[in-house]
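One structure below.
Chains as they are written, first to last, in UniProt numbering: chain A, 1 to 302; chain B, 1 to 294.
In structure tokens, the structure reads:
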């Protein structure tokens, strides 16, 4: 065997090692994706015990889903709860990241704090939601504590008010994700050339000035990355509101998210509308992902 | 400006900075302690309440643990929800998912890292592009597919797809770029090792740190997953912990022994907390590595 044929025979192994991924991807992700899109063009649902369809109806599912008012409402709900969780999350993460990476502060117990703030990210969202539900129920410990402290005279119905339910969901999302964001931002901050900070210090800049004038602008790519990945995650918000509100999104479906809506269609075997909704979500996340992709790629060139 | 003036200003600047550092350090400690409190408070209440009996719980909250921990545990074991069964289901699914995802992602990453073949660049870009597409948007087709394949209500439908995990692949690829020299692979070739054997006996052991980090993440991800399992698994004996917790929520939970409810929540999250406390250094480090080196 000469050398050239050997090189060729090695590289063929590249294809062989790719087989498992490609096969499983094609079967379990590509076929489902295509058939989800295919489903979106058919009238196909169950009404009681009778099966309607599948009948080809073109884009009518899309028209229904956009015009019947549910989708915009649930989209707005999802965005409200995402923003309510994301703003405190990013502020807190920037603050903690700046403190952890500031060499002049020399914070002690950093490992402890990093361990603690990342912990909620690993907790089962359904267990966390169930825990919040029991803690904040009418006769739960939070109410009993607040009454003992004299804040309230009688139990506050956390589950009965639109904004308290949304606040609880946003709080849980914030708690679950700020640790992750902090660590990402910290890695970004550590990547900034330290001589820039030194130069600014020599020039007499205060730490606030350094943060706003140097850290933030140089962190912009990572901030945008964090924001868009968080937005993609926010669009997928499901476990926490689903379990906290028992799938109803109550009061008055004010905490119903897009994926909860999809889940509802899937459970009632309403495949036509579920398909159209999936395609809608696919297009939005697709666009957002492309933006992220561009950012991660441009960073690699650096 | 003469020498003396320069000196005083620099000293004054130093002192002023020293004072402000103290103040800032003080503020940051306070905020950090508050934040840590916010993170841990819920788990503290959970732990306390898991040790108290139903009648004690109805009296209101106390910050001290009671003596009913074992009793709640025994009640939970003899309760109506098949929670221990659920724990075993969750464990089996999560372990197999973690194993398949890490091994085959390492294999996929190795294919792209170590070989030059047509379409290599395309494959890499393609996997990166599909990385962020959420499972939710394909779940409709997925459910129909596994229905046709006879995998409905079967844990295999949750385990096998883990072989194609783009995010795990991406991490492995990053790690290989920084730690796996191709000269090592060539040396193995000269020594007559087959490609597959080289991968299993040289590459996989070298990838151990990355595999450990990603195995933990895949394990936790699968352990915590609720959306897909809830749509795939229907029999009580096959359900995983998150589904059982959701069932608890939709049951008339006021009739439940609340001590038992807290015990059940604790039971489903403490295993992950313990694993986390053991591996926390690697996990926190792993997030940083995977997240930004892109």
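All C-beta atoms, glycine included, are put in the ideal place defined by N, C-alpha and C.
Name the DSSP beta bridge partners of residue i, please?
i	result
residue 122 of chain B	Residue 122 of chain B is not bridged to any residue.
residue 56 of chain A	A:42
residue 51 of chain A	A:46
By DSSP, does residue i sit in helix, in strand, or in coil?
i	result
residue 46 of chain A	strand
residue 16 of chain A	helix
residue 105 of chain A	coil
residue 214 of chain B	helix
residue 260 of chain B	helix
residue 236 of chain A	coil
residue 302 of chain A	At residue 302 of chain A, the pLDDT of 38 sits below 50, so the modelled position is not reliable and the matter cannot be decided from this model.
residue 253 of chain A	coil
residue 11 of chain A	helix
residue 6 of chain B	Because the pLDDT at residue 6 of chain B is just 41, under 50, the model does not fix this residue reliably, and the point stays unresolved.
residue 171 of chain A	helix
residue 263 of chain A	helix
residue 130 of chain A	helix
residue 14 of chain B	At residue 14 of chain B the pLDDT is 46, less than 50, meaning the model places this residue with poor confidence and gives no usable figure here.
residue 291 of chain A	helix
residue 246 of chain A	coil
residue 235 of chain B	coil
residue 154 of chain A	coil
residue 117 of chain B	coil
residue 282 of chain B	helix
residue 192 of chain A	coil
residue 161 of chain B	helix
Who are the neighbours of residue i on chain B, taking C-beta pairs under 9 Å?
i	result
residue 95 of chain A	28 and 31
residue 53 of chain A	Correct list: empty, because the minimum Cβ distance to chain B is about 14 Å.
residue 275 of chain A	140 and 141
residue 160 of chain A	Those within 9 Å of residue 160 of chain A in chain B number zero; the least Cβ separation is about 15 Å.
Could you check how far apart the C-beta atoms of residue i and residue j are, in whole angstroms? I think they sit under 8 Å.
i	j	result
residue 219 of chain B	residue 94 of chain B	5 Å
residue 201 of chain B	residue 281 of chain A	Actually they do not touch by this definition, with Cβ atoms about 43 Å apart.
residue 113 of chain B	residue 152 of chain B	That pair is no contact at about 37 Å.
residue 270 of chain A	residue 45 of chain A	4 Å
residue 258 of chain B	residue 54 of chain B	5 Å
residue 314 of chain A	residue 284 of chain B	With chain A covering only 1 through 302, there is no way to say anything about residue 314 of chain A.
residue 14 of chain A	residue 120 of chain B	7 Å
residue 125 of chain B	residue 169 of chain B	Residue 125 of chain B to residue 169 of chain B, Cβ: 13 Å. No contact.
residue 141 of chain B	residue 32 of chain A	3 Å
residue 243 of chain A	residue 249 of chain B	5 Å
residue 239 of chain A	residue 125 of chain A	4 Å
Just to make sure I have the definition right: I need the residues of chain B whose C-beta is within less than 8 Å of the C-beta of residue i. Which are they?
i	result
residue 39 of chain A	140, 141 and 144
residue 289 of chain A	129, 131, 132 and 133
residue 281 of chain A	134, 136 and 137
residue 278 of chain A	136, 137, 138, 139 and 140
Using a cut-off of 9 Å between C-beta atoms, extract the partners of residue i located in chain A.
i	result
residue 171 of chain B	What residue 171 of chain B touches in chain A: nothing, since even the nearest Cβ is about 13 Å away.
residue 104 of chain B	20, 21 and 24
residue 262 of chain B	131 and 134
residue 255 of chain B	Chain A residues near residue 255 of chain B: none, gap ~13 Å exceeds 9 Å.
Please list, in chain order, the chain A residues whose beta carbon lies closer than 7 Å to that of residue i.
i	result
residue 21 of chain B	104 and 105
residue 187 of chain B	Simply none; closest approach about 14 Å.
residue 87 of chain B	What residue 87 of chain B touches in chain A: nothing, since even the nearest Cβ is about 12 Å away.
residue 276 of chain B	119 and 122
residue 224 of chain B	124 and 125
residue 249 of chain B	130, 133, 243 and 246
Determine the chain B residues that contact residue i at a beta-carbon separation under 7 Å, and present them in chain order.
i	result
residue 145 of chain A	61
residue 115 of chain A	280 and 284
residue 209 of chain A	The premise fails here: residue 209 of chain A is roughly 12 Å from chain B at the closest Cβ pair, so nothing lies under 7 Å.
residue 13 of chain A	115 and 195
residue 99 of chain A	28
Going along chain A, which residues have a C-beta under 8 Å from residue i?
i	result
residue 108 of chain B	17, 18, 20 and 21
Contact criterion: CB-CB distance below 7 Å. Does residue i meet it with respect to chain C?
i	result
residue 141 of chain A	Judged by its chain identifiers, the structure shown contains no chain C, and its protein chains are A and B.
Below 8 Å, can you find three or more Cβ-Cβ pairs linking the region 116–133 of chain A to the region 164–181 of chain A? The region 116–133 of chain A, when compared against the region 164–181 of chain A, does touch it at the 8 Å Cβ threshold.
Count the CB pairs spanning the region 181–190 of chain A and the region 207–225 of chain A that are closer than 8 Å, and state whether there are at least three. Yes, the region 181–190 of chain A touches the region 207–225 of chain A.
The region 20–30 of chain A touching the region 155–164 of chain B, judged by at least three CB pairs closer than 8 Å: Because the criterion of three Cβ pairs below 8 Å is met, the region 20–30 of chain A and the region 155–164 of chain B touch.
Would you say the region 225–234 of chain B touches the region 65–83 of chain A, given that touching needs at least three Cβ pairs under 8 Å? Contact annotation: the region 225–234 of chain B does not touch the region 65–83 of chain A, with fewer than three C-beta pairs closer than 8 Å.
The region 179–199 of chain B contacting the region 66–75 of chain B, beta-carbon criterion three pairs below 8 Å: Pairwise C-beta distances place the region 179–199 of chain B out of contact with the region 66–75 of chain B, as fewer than three of them are shorter than 8 Å.
Does the region 146–162 of chain A come within contact of the region 221–230 of chain A, defined as at least 3 CB pairs closer than 8 Å? With contact defined as three or more Cβ pairs closer than 8 Å, the region 146–162 of chain A and the region 221–230 of chain A are not in contact.
When the Cβ atoms of the region 113–120 of chain A are set against those of the region 199–216 of chain A, are three or more pairs found closer than 8 Å? The region 113–120 of chain A vs the region 199–216 of chain A: no contact.
Sufficient close CB pairs (3 or more, under 8 Å) joining the region 32–49 of chain B to the region 132–143 of chain A: Counting Cβ pairs under 8 Å, three or more are found: they touch.
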